[in-house]
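Reading through the structure tokens given below for one structure.
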Amino acid sequence: MKPVPASVFPLPFPDYKTETDKAVAIVKLGWPAVEPVLQHIVDWVSDRNDPVAHVFAPFLIDIGLPAALHIATALAGYDGWRKYTLLVDVVANSPQLAGVLRRELEMLAICPTENDAREEVAIQAREILHSMKS
């Protein structure tokens, strides 16, 4: 991951997946203070095995709508594991994000890439879409 320049954001950003203390300090700033680094936060949530992801995922759910564009960008990417993680750990837990990302969810459910199929992205997208109907 690219480092976050101090001129962009005043707090040290995690360089390693175990630096949860830095992640917690960033979360304490809240929205909109984290706006300059929101894409970096989404990037950290891309691997659910990383401890910082467990700090940032609930924060993205709390932020809601402002995170949607950054999540949509990740969902349009090539990394199936990243998509799976964002769907399971963030989008599935936020009716607001699921609603805003409906088109992306439909595309993932209907036209998964080979990588998406391997990572069960289409299954997760369909489950979220189904939960929106209930």
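In terms of the numbering used here, the sequence shown opens at residue 1 and continues consecutively. Ideal Cβ positions, reconstructed from N, Cα and C, are used throughout, including at glycine. Remember, predicted model here, so these are calculated numbers, not experimental data.
- Between residue 86 and residue 68, the C-beta gap is not smaller than 9 Å, which leaves the two residues out of contact.
- The DSSP-derived three-state label of residue 115 is helix.
- In the DSSP annotation of this structure, residue 15 is not part of any alpha helix (DSSP H), being labelled neither H nor E.
- C-alpha of residue 129 to C-alpha of residue 42: approximately 21 Å in a straight line.
- Relative to the Cα of residue 82, the nearest Cα in the group 103, 120 and 58 belongs to 120.
- With 16 or more other Cβ atoms inside 10 Å of its own Cβ, residue 109 counts as buried.
- A straight-line Cα-Cα distance of about 8 Å links residue 84 and residue 116.
- Restricting attention to alpha helix (DSSP H) runs no shorter than 4 residues, the segment 34–110 encloses them at 38–44, 51–63, 68–75, 80–89, 95–100 and 102–110, ordered along the chain.
- Boundaries cannot be given for residue 134, as no alpha helix (DSSP H) includes it and DSSP labels it neither H nor E.
- A buried status is given to residue 50, since no fewer than 16 other beta-carbon atoms sit within 10 Å of its beta-carbon.
- Ranked by Cα distance from residue 113, the first of 77, 15 and 21 is 77.
- With respect to residue 72, residue 106 sits apart: the two C-beta atoms are not nearer than 9 Å.
- In the structure shown, the three-state DSSP call for residue 19 is coil.
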